[in-house]
Amino acid sequence: MKNILLALAILLASQNLYAYNSKGMKVYKKLCVSCHGSPFRGAKMHTVLEWEMIYDESDTAIKDLHKSDKEAMEILNDSYFTKKKQSYLKKFLIGSAKDAGSVPGCDGNYCGY
Ligand code: HEC
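With mature numbering (1 follows the signal peptide of the UniProt record, and there is no 0) as the guide, the letters of the sequence shown map in order to residues -19 to -1, 1 to 94.
1) Tell me where the alpha helix (DSSP H) around residue 42 begins and ends.
2) Compare the Cα-Cα distances from residue 16 to each of 42, 55 and 28 and report the closest residue.
3) Between residue 31 and the rest of its own chain, which residues show a CB-CB distance below 7 Å, the 5 nearest in sequence each way excluded?
4) What does the Cβ neighbour count give for residue 82, buried or exposed, with the cut at 16 atoms within 10 Å?
5) Could you give the DSSP three-state label for residue 92: helix, strand or coil?
6) By Cβ distance below 6 Å, which residues in the same chain neighbour residue 36 in space, the five residues on each side in sequence not counted?
7) Is residue 6 buried or exposed, if buried means 16 or more other CB atoms sit within 10 Å of its CB?
8) Rounded to the nearest angstrom, what separates residue 86 and residue 49 at their Cα positions?
9) Is any heavy atom in ligand 1 found nearer than 6 Å to the beta carbon of residue 30?
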């Protein structure tokens, strides 16, 4: 029994090493890839602090950043990009920021940098 618990603990700990917000990544893949490249590359546009500063303005900060870009706004104003999806995206971007220590690897959701 003890061994099982230990194995479980190790499994959970090692999974955490690769933890990122997979729902947020999905949102990124749908809306941002075409202009900003792969999810991890996109998240690494900024550090944790920079993302937090961007999001400090408002939870819809990503939209605000693209106000003057008509093509981007058409994509970002899609009804798919709900408040909830925006908050998933925020978690992904901050969690996988340049200095967040996330290690891109292969799992069921994503493979590569
Ligand atoms: C249609 C193309 C397009 C789409 C889609 C798009 N962007 Fe952008 N994004 C741009 C352009 C163009 C800029 C302005 C680049 C600049 O001025 O350096 C920009 C700027 C940004 C910036 C500011 C860059 C900086 O240096 O601070 C961030 C952050 C950003 N985008 C994130 C996103 C995220 C996240 C998504 C998906 C929700 C997204 N973008 C979707 C085209 C796009």
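Yeah, the Cβ is synthetic: ideal placement off N, Cα and C, and Gly gets one too.
Straight from the coordinates:
1) For this step, residue 42 is matched to residue 61 along the sequence shown. From DSSP, the alpha helix (DSSP H) with residue 42 extends over 42 to 46.
2) Working through the sequence shown from its first residue, we reach residue 16 at position 35. The shortest C-alpha separation from residue 16 is found at 55.
3) What you label residue 31 is simply residue 50 of the sequence shown in a count that begins at 1. So the list is empty, once near-sequence residues are dropped.
4) Here residue 82 corresponds to residue number 101 of the sequence shown, with the count starting at 1. Flag for residue 82 reads exposed.
5) On the sequence shown, position 111 is the one that residue 92 refers to. Reduced to three states, the DSSP call for residue 92 is strand.
6) Indexing the sequence shown from 1 puts residue 36 at position 55. Result list for residue 36: 42 and 71, in chain order.
7) Taking the first residue of the sequence shown as position 1, residue 6 is located at position 25. In summary, residue 6 is buried, with 16 or more beta-carbon neighbours lying within 10 Å of its beta-carbon over all protein chains present.
8) For this step, residue 86 is matched to residue 105 along the sequence shown. For this step, residue 49 is matched to residue 68 along the sequence shown. About 35 Å.
9) As a working note, residue 30 is residue 49 in the sequence shown. Ligand 1 never approaches residue 30 closely enough for any of its heavy atoms to be under 6 Å from the residue's Cβ.
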